[in-house]
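Remarks on the structure that follows.
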Amino acid sequence: MGIIVRIASETSLLRQGVHSYLEKHPEIKSVESVACIQHCAKRCFNPRANVLIIDVSKGKTGNIDCIRQLTVRYPETRIIALINRESIPLIPDIFDYGARAVVSLNADPTVLTVAVKKVASGETFMEPELAQALTEMSFQNNNNPFDKLSKREKVVLMLILNGHSNDSCATVLNVSKKTIANHYSHIKSKLGIDNRVQLTRLAVLHQLIRVD
């Protein structure tokens with residue numbers, strides 16, 4: 014059985030573009046779209062759809078809250094959020110609200126296809142370029158000791174600090190579990206730590222994460 018995708022966006026051109034691209038793929042059974050406006054969670058939802066793509070490029074004044082409303086009312090909803098570059102700082106909120114994947118409007122269309130397949134199968138996904146950009150923002154003004162890490166190691170680190178297991182990191186970044194294990198081993202070696210508890214303490218000390 015193929016994947017049924019529903020697209021919700023205020024922008025007609027975006028809806029048509031995503032629709033035209035996705036309907037060409039044999040794994041996707043059908044694509045439907047809806048003109049999305051603020052506070053329209055009920056309108057966005059369709060129980061037939063395996064994946065719901067929501068354009069949240071307007072940021073918190075737009076449709077991000079729609080994700081929260083949808084996942085509260087319909088917990089089975091599997092959502093992919095489309096964002097612009099200005100919304101990168103909101104990625105943690107988007108995932109906290111219940112989205113399963115985040116893809117930028119500037120991404121190669123093949124990235125969206127990967128996201129649709131992963132989300133339809135129950136996995137999570139974040140576009141690698143977004144993960145890198147979010148990580149770089151997190152590491153600003155925190156030069157030591159985390160500046161010893163490579164860019165990819167920093168991405169893995171931030172996923173771990175946000176509660177992802179090695180297996181989950183591999184799924185999000187679309188790499189093998191062995192690759193993540195190697196990155197984690199290098200992180201521990203470079204930082205002089207032995208486990209995740211020590212890693213978390215070091216991250217709190219250097220303000221990479223907050224403890225409320």
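Residues 14 to 225, numbered by my numbering, are exactly what the sequence shown covers, in order.
In this text, a Cβ means the ideal position worked out from N, Cα and C, and glycines have one as well.
Beta-carbon proximity list for residue i, same chain, < 6 Å, skipping 5 on both sides
i: Val-44; result: Val-18, His-32, Leu-35 and Glu-36
i: Ser-198; result: none
Residue from the options with nearest C-alpha to residue i
i: Glu-40; options: Ile-206, Asn-63, Ile-20 and Phe-58; result: Asn-63
i: Pro-141; options: Ala-133, Phe-152 and Ala-114; result: Ala-114
i: Val-132; options: Ile-206, Asn-195, Val-85 and Ala-94; result: Ala-94
i: Thr-126; options: Ile-66, Ser-70 and Leu-26; result: Ile-66
i: His-15; options: Thr-184, Leu-204, Ile-101 and Ser-134; result: A quick correction: the sequence has Gly, not His, at residue 15. Ranking Thr-184, Leu-204, Ile-101 and Ser-134 by Cα distance to Gly-15 puts Ser-134 first.
i: Lys-130; options: Pro-88, Ile-193, His-38 and Thr-192; result: His-38
i: Thr-24; options: Ile-222, Ser-70, Asn-59 and Pro-60; result: Ser-70
i: Ile-96; options: Gln-29, Asp-106, Leu-83 and Phe-58; result: Asp-106
i: Val-185; options: Val-85, Thr-137 and Leu-147; result: Thr-137
i: Met-150; options: Glu-99, His-196 and Gly-205; result: Glu-99
i: Pro-60; options: Ala-128, Gly-205 and Glu-89; result: Glu-89
Residue interval of the beta strand (DSSP E) (run including residue i)
i: Asp-160; result: Unbroken run through Asp-160: none, as it is neither H nor E.
i: Lys-42; result: 41-48
i: Leu-65; result: 64-68
i: Val-188; result: Looking at the DSSP string, Val-188 is not in any beta strand (DSSP E), and its letter there is neither H nor E.
i: Leu-95; result: 92-96
i: Arg-19; result: 16-22
i: Ala-114; result: 114-117
Contacting residues, own chain, Cβ-Cβ under 7 Å from residue i (five flanking each side not counted)
i: Lys-201; result: Asp-207
i: Leu-143; result: Ile-101, Ile-104, Val-115 and Ser-117
i: Leu-27; result: Asp-68
i: Lys-73; result: Here Lys-73 scores only 48 on pLDDT, less than 50, and its place in the model should not be relied on; the value that follows carries that caveat. Cβ neighbours of Lys-73 beyond the five flanking positions: Leu-103.
i: Asp-78; result: none
i: Lys-190; result: Asn-179, Asp-180 and Ala-183
i: Lys-203; result: Lys-161 and Leu-162
i: Ala-194; result: Asn-179
i: Tyr-87; result: Phe-58
i: Gln-145; result: Lys-164 and Val-168
i: Met-139; result: Ala-114, Val-115 and Val-185
i: Thr-148; result: Lys-167, Val-168 and Met-171
Contacting residues, own chain, Cβ-Cβ under 8 Å from residue i (five flanking each side not counted)
i: Arg-91; result: Asn-63, Val-64, Leu-65, Arg-113, Val-132, Ala-133 and Gly-135
i: Arg-81; result: Tyr-110 and Gly-111
i: Arg-209; result: Ile-173
i: Phe-152; result: Phe-159, Asp-160, Lys-167 and Leu-221
Alpha helix (DSSP H) segment containing residue i, residue limits
i: Arg-81; result: 77-86
i: Gly-30; result: 25-35
i: Ala-120; result: Where Ala-120 is concerned, there is no enclosing alpha helix (DSSP H), given that its DSSP letter is neither H nor E.
i: Ile-107; result: 104-109
Residue i Cβ short of 6 Å to the ligand SAH heavy atom set
i: Gln-82; result: By its list of ligands, the structure shown contains no ligand whatsoever, and the ligand SAH lies outside what it can speak to.
Practice prompt. Would you check if the segment 165-175 and the segment 112-128 touch, i.e. whether three or more CB-CB distances between them fall below 8 Å?
Written response: no
Worksheet item: Does the segment 177-187 come within contact of the segment 212-219, defined as at least 3 CB pairs closer than 8 Å?
Response: no
Discussion item. To test your reading of the DSSP string, which unbroken alpha helix (DSSP H) runs of 4 or more residues are found completely within the segment 194-225?
Written reply: 209-218
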